[in-house]
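J.:
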Amino acid sequence: MTADLDARLGRWRKRVERELDGCLPPVTREPGRLHTAQRYSVLAPGKRVRPALVYATAETLGVPLERVDGAACAVELIHAYSLVHDDLPAMDDDDLRRGRPTCHRAFDEATAILAGDSLQALAFSVLAHHPHGPEPAVRMQLVATLADASGAAGMAGGQALDLAAEGRNLGLADLELIHALKTGALIRASVRMAALCAPGLDDAGREALERFAGAIGLAFQVQDDILDVEGDESLTGKPVGSDEARGLPTYPALAGLDGARRRVAGLTAEATAALATHGWEGSPLAGLAAWLLGRRH
9 MTADLDARLG RWRKRVEREL DGCLPPVTRE PGRLHTAQRY SVLAPGKRVR PALVYATAET
69 LGVPLERVDG AACAVELIHA YSLVHDDLPA MDDDDLRRGR PTCHRAFDEA TAILAGDSLQ
129 ALAFSVLAHH PHGPEPAVRM QLVATLADAS GAAGMAGGQA LDLAAEGRNL GLADLELIHA
189 LKTGALIRAS VRMAALCAPG LDDAGREALE RFAGAIGLAF QVQDDILDVE GDESLTGKPV
249 GSDEARGLPT YPALAGLDGA RRRVAGLTAE ATAALATHGW EGSPLAGLAA WLLGRRH
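Start counting the sequence shown at 9; every next residue gets the next number (the numbering used here).
1. Where do the ends of the alpha helix (DSSP H) carrying A59 lie?
2. Using DSSP with H/G/I as helix, E/B as strand and the rest coil, what is R105?
3. Does the Cβ of P142 have 16 or more other Cβ atoms within 10 Å, making it buried, or fewer, making it exposed?
4. Using a Cβ distance threshold of 8 angstroms, determine whether the stretch 181 to 196 contacts the stretch 118 to 132, with at least three qualifying pairs required.
5. Report yes if the C-beta distance between P292 and E67 is below 8 angstroms; otherwise report no.
6. Alpha carbon to alpha carbon, what distance is there between T153 and R19?
7. Does the separation of the CB atoms of A206 and V71 fall below 8 angstroms?
8. Output the distance between the C-alpha atoms of R271 and G40, rounded to the nearest integer angstrom.
9. In the structure shown, what three-state DSSP assignment does V248 receive?
10. Tell me where the alpha helix (DSSP H) around D77 begins and ends.
11. Tell me the DSSP secondary structure of W20 in three-state form.
12. For T110, count neighbouring C-beta atoms within 10 Å of its own C-beta (all shown protein chains included) and say buried if the count is 16 or more, exposed if not.
13. Check this for me: beta carbons of L262 and V237, under 8 angstroms apart or not?
14. What ranges does the alpha helix (DSSP H) occupy inside the stretch 148 to 197, keeping only unbroken runs of at least 4 residues that lie completely in it?
15. When DSSP labels each residue in this structure, what does A114 get in the three-state scheme?
Below you can see the structure in the form of structure tokens.
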């Protein structure tokens with residue numbers, strides 16, 4: 009990682025965490041236990057990948073960051089709610105996330121369910137009411153974009169397919185569909201929402217960003233699958249091989265490690281080519297993508 013990108017990531021992370029702290033209800037307001045669970049889940053240490061994609065796209069397109077703060081917060085709130093629910097006994101039944109007890113372990117299952125539900129609702133409230141967001145017509149597009157990415161045609165649908173796939177033999181096309189929905193949908197939405205806030209962006213530019221985001225969204229999860237096999241447990245925060253041990257389909261299991269690496273390389277080339285069509289190959293978005301796909305955790 010370059011010093012410039014490291015500094016950008018730090019600024020973006022601090023910015024969205026400040027904004028999230030401001031939009032989350034205080035623990036002193038009733039119901040205090042629910043608000044405490046919300047804050048515990050959202051403000052836990054993390055890379056803030058999705059907000060970083062929002063900000064990187066905005067900087068690449070010359071959009072003021074205050075115009076996309078609401079979008080950056082909203083996509084992170086949706087991501088946080090999904091993790092709370094994914095960790096529940098009815099889903100992945102995890103006791104730890106990033107080295108801390110999961111929400112239902114730190115509080116209780118009912119509180120975790122309500123925390124997730126209320127974080128999802130808060131995400132759309134932030135899009136609608138953020139004081140420095142775009143004009144109402146664009147806000148409506150942001151709401152529709154995030155709703156589509158979060159629902160049955162996106163993240164939730166991908167999770168349903170993932171749960172149904174446990175212990176089954178899948179083909180690569182089936183696995184790529186799961187990855188494109190469960191993980192890729194919010195990544196695509198992050199880029200798309202920032203692009204919607206750029207009034208001067210033409211259709212060709214939007215199409216280039218769509219191609220970029222589609223490739224990066226899939227490559228990001230394939231890279232995660234690779235790290236599940238050969239990553240450093242102290243960096244990834246979960247035991248190596250945990251997905252395979254649970255019978256979850258992974259790219260290396262179907263295509264081998266070399267095949268998975270080739271797929272990431274091919275998708276990275278697609279993403280780079282999409283940015284190059286508009287002279288964005290040296291942009292903050294390009295730098296962030298290179299870091300995401302070369303990461304070790």
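All C-beta atoms in this analysis are idealised placements derived from N, C-alpha and C, irrespective of residue type, glycine included.
If you're wondering where the values come from, they're calculated on a predicted model, not measured in any experiment.
T.: Reading it off the structure:
1. Before going further, note that residue 59 is Pro rather than Ala in the sequence given. Unbroken alpha helix (DSSP H) run through P59: V57 to L69.
2. Of the three classes helix, strand and coil, the one that applies to R105 here is strand, per DSSP.
3. With a threshold of 16 other beta carbon atoms within 10 Å, P142 meets it and is buried.
4. no
5. yes
6. 26 angstroms
7. yes
8. 46 angstroms
9. Its pLDDT being 49, under 50, V248 is placed unreliably in this model, and the coordinates cannot settle the point.
10. D77 to D94
11. helix
12. buried
13. No. Outside cutoff.
14. 163 to 173 and 180 to 190
15. Shown here, A114 sits in a helix according to DSSP, grouped into three states.
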